[in-house]
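Enquirer:
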């Protein structure tokens, strides 16, 4: 539907411009707060602005000397643990080794494993103070000195190569390029990007390409994103927020984020549920950078990591599922279940967004309305009927 | 003219037996109609049968679908399968793993090794008679034991013990698998009889017509029989599939209309064909989202059992039960040189039990419950059948046996739910298992995949 997209992209500019031009008549106060909009201008228009995520990574602080954080060693991965758990001293069976290991990975138990697991040592770490308190397990930000940083994911995986310089760390920033993962935020009720005590931030999945420079590596503001309101309904969440001195902060709410691996061959539901997620972003007309922080649901976080990267790929960076799961459950620090076991673990994401023109779907294009309601099965049924 | 692809087939076909056309009165026939195909030279004793999902296949006189075992070297993990002219499947039982499946080492003793079938027990070679001569794409290759075996396009041909009736394709079918899914056997058959600018792709919903590049073609309700009503405004969105002036005006289901002087358009079953302008995803259903427009199936797959429904999910559309619970399929292939499948109830269940329950059958049934069938429900086709299974062993049993439960099966294998799916569209059990679930794991039953084709494109690609 290229021509439709092109049409909507063109109309996005036109609609945004026309809406912005009419904003003044709707509210003199808004008009006074904004410069007159022109076609294609970036920034707030019609009291709204959109951004698309172009970078995401788990906030894992790395000291100059890794030994201060991980004095013993980095963690073993699947091959190393396999050798320790199933030494080559006799006949080894598939059932007694590989299937035992994979069975434990996909169906972890509380059974102790005779292999070590190393957590980050020290008190320095990045992230957000999620609970407003300073607790014994909290970290201190190395740059700002802020205390009370809640980031137990960092404690759990900070001594695992995958999350430091390994593939998980290097591939995660690419997630947001993948079609499944296009993540858009739209700020509405915005009077100013500097100070506004009442704005709404709504998350969506987007449908369109990210725009890059000629190298393909740098993302440019000014593109458009048609919102996915059909397949991506579960990713739509509205947060109330405020802007102070150019920094957006929001209330905390549960948020599902699409998180397909760039290598995942399939598109089931590789999503992560974050409990009490919130934003802390430095805003400009063209960018929004900072943190998203909350409590990752352990179940979705753990299985996401293995459904998108299997044992073979996890082996490249020392991620061993069974011991990882035990550590996640030990360090989980929120949302206890009926048995008192915490089910979520504090975390922070380093994120970067660039400005996009948000296009809400449903507009009439090229003389046709794309209702987007007919299923593929309906097409097959229709074919059966015609048979 | 016999087919639309290559007129030379006509002359050849005139002197040999064709397929599926009643050539062998004594042969076993499939109950499924045979989709139109391009007839080709075949050895005596080979026929073409219709199948419910995989289109026309070559089969033995007894009706057993024929397969080949092409080489697979995905992800540089080692070459599996067979090369042209070199059959390797023998009656020797392979006892240990080959080490294809990283990160696990080779030489691990396979499960149930004492009862493990040999390769030829699973896939009997399609042997050639002593006096057999090569014909068409069919040649004769020598097996390691000196026996002669038929080969198609150079690859040795086999049957599968999993197929029981003519038209069964209960080994590996043509449906696409993902990732490194091992070297599976593939059914072989003649090409679909479609014009050269079209293809037929095998999808869970049936055999769907696309253009030669794989993009979907569509028909419109407002068109008449052999008449297009798609005007200039309509053509901004749907472009007529144009035909050369020399294209045959009528051939089977195919035809050509002159939509304006000197401009010809293909029709299929008397409906003019179109492409969706600017479509970027292959085998997509985006045109069908516009009311009145439809994808085109040369052969739709059998209807889903009553009560099953397709529903939207974050990745597209999945099959679900009436309450919206997503339905899953289990896939397994082992790590031996044989590349034996391990996802059928007649075979060992230890791979599945490890993944769905850590080896505990009860946990398996809790986490991946079988899709049960009511007492008054009946099988609806060969691929959608009701069977009775012993839930404690995962083996098919007779009705009334201990632990026997009536369940739905797809392609002769159980289908499942996942215990964490609570809302319609949830498919949290997808990609559950080894290698994203492709070598030992579960996948949601996707009927429409919106994002898969773009997955490997990390260059900033959006869905469209």
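Chains as they are written, first to last, in this note's numbering: chain A, 1 to 387; chain B, 1001 to 1464. The beta-carbon is built from N, C-alpha and C at its ideal position, and this holds for glycine as well.
1) So, under 8 angstroms CB-CB, residue 1440 of chain B and residue 1355 of chain B are touching, yes? Tell me the CB distance rounded to an integer number of Å.
2) So residue 222 of chain A packs on residue 252 of chain A, CB below 8 angstroms; how close in whole Å?
3) For residue 1437 of chain B, collect the residues of the same chain with a Cβ closer than 6 angstroms to its Cβ; drop the 5 residues on either side in sequence, then sort them by chain order.
4) Could you tell me whether the Cβ of residue 1500 of chain B comes closer than 8 angstroms to any Cβ of chain A?
5) Taking 8 angstroms as the cut-off, decide whether the C-beta atoms of residue 1377 of chain B and residue 1386 of chain B are in contact.
6) Is DSSP giving residue 1356 of chain B helix, strand or coil here?
7) In whole angstroms, what separates the C-alpha of residue 1059 of chain B from that of residue 1127 of chain B?
8) Between the segment 1165-1176 of chain B and the segment 1041-1061 of chain B, do at least 3 Cβ pairs fall closer than 8 angstroms?
9) Can you give the beta carbon distance from residue 947 of chain B to residue 1345 of chain B, rounded, assuming they're within the 8 angstroms contact cut?
10) Put residue 1275 of chain B into one of helix, strand or coil per three-state DSSP.
11) Using a beta-carbon distance below 8 angstroms, is residue 234 of chain A in contact with chain B?
12) Whose Cβ in chain B lies nearer than 8 angstroms to the Cβ of residue 78 of chain A?
13) Below 7 angstroms on C-beta distance, what does residue 1354 of chain B contact in chain A?
14) What would DSSP say about residue 1108 of chain B, mapped onto helix, strand or coil?
15) Taking 8 angstroms as the cut-off, decide whether the C-beta atoms of residue 209 of chain A and residue 55 of chain A are in contact.
16) Can you list the beta strand (DSSP E) stretches of 3 or more residues lying completely in the segment 1141-1226 of chain B, in chain order?
17) When you compare the CB positions of residue 1149 of chain B and residue 1070 of chain B, do they come within less than 8 angstroms of one another, or not?
18) Does DSSP classify residue 50 of chain A as helix, strand or coil?
19) Quick one: list the residues of chain B neighbouring residue 94 of chain A, beta-carbon separation under 7 angstroms, in chain order.
20) Does the beta carbon of residue 1056 of chain B come closer than 8 angstroms to any beta carbon on chain A?
21) Residues of chain B with CB closer than 8 angstroms to the CB of residue 109 of chain A, please, in chain order.
22) On a CA-only basis, which of A:325, A:316, A:285 is nearest residue 303 of chain A? Give me that one, please.
23) Would you call residue 307 of chain A buried or exposed, if buried means 16 or more other Cβ atoms sit within 10 Å of its Cβ?
24) Measure from the alpha carbon of residue 301 of chain A to the alpha carbon of each residue in A:62, A:334, A:117, A:153, then state which is nearest.
25) Would you mind giving the Cβ-Cβ distance between residue 1313 of chain B and residue 1326 of chain B, rounded to the nearest angstrom? I have them listed as a contact below 8 angstroms.
26) Along chain B, in chain order, which residues have C-beta atoms closer than 7 angstroms to that of residue 91 of chain A?
27) Please name the residue in B:1186, B:1222, B:1244, B:1296 whose C-alpha comes closest to that of residue 1234 of chain B.
28) If distances are taken between C-alpha atoms only, which option among B:1388, B:1334, B:1318 comes closest to residue 1097 of chain B?
29) Roughly how many angstroms separate the alpha carbons of residue 87 of chain A and residue 1106 of chain B, rounded to a whole number?
30) Within 10 angstroms of its Cβ, does residue 104 of chain A collect 16 or more other Cβ (buried), or is it exposed?
31) If we define contact as Cβ-Cβ less than 8 angstroms, is residue 307 of chain A a contact residue for chain B?
32) Taking residue 1226 of chain B as the query, report the chain A residues whose CB atoms sit under 7 angstroms from its CB, ordered along the chain.
33) Show which residues of chain B have a CB atom less than 8 angstroms away from the CB atom of residue 155 of chain A.
34) For a contact meaning CB atoms closer than 8 angstroms, what does residue 55 of chain A contact in chain B?
35) Could you give the DSSP three-state label for residue 1017 of chain B: helix, strand or coil?
36) Going by DSSP, what residue range makes up the alpha helix (DSSP H) through residue 1363 of chain B?
Expert: The short version:
1) 6 angstroms
2) Their Cβ separation, rounded to whole angstroms, is 31 angstroms, which puts residue 222 of chain A and residue 252 of chain A out of contact at 8 angstroms.
3) 1431, 1443
4) Here chain B has residues from 1001 to 1464 only, and residue 1500 of chain B is not among them.
5) yes
6) helix
7) 13 angstroms
8) yes
9) Because chain B here runs from 1001 to 1464, residue 947 of chain B falls outside it and cannot be looked at.
10) strand
11) yes
12) 1103
13) 99, 102, 103
14) coil
15) no
16) 1148-1152, 1198-1203, 1206-1211, 1217-1220
17) no
18) strand
19) 1097, 1108, 1109, 1110, 1111
20) no
21) 1358
22) A:325
23) buried
24) A:153
25) 7 angstroms
26) 1109
27) B:1222
28) B:1334
29) 14 angstroms
30) buried
31) yes
32) Chain A residues near residue 1226 of chain B: none, gap ~15 angstroms exceeds 7 angstroms.
33) Chain B residues near residue 155 of chain A: none, gap ~26 angstroms exceeds 8 angstroms.
34) Correct list: empty, because the minimum Cβ distance to chain B is about 12 angstroms.
35) Since pLDDT at residue 1017 of chain B reaches only 32, below the 50 mark, its modelled position is unreliable, and no value is offered.
36) 1361-1367
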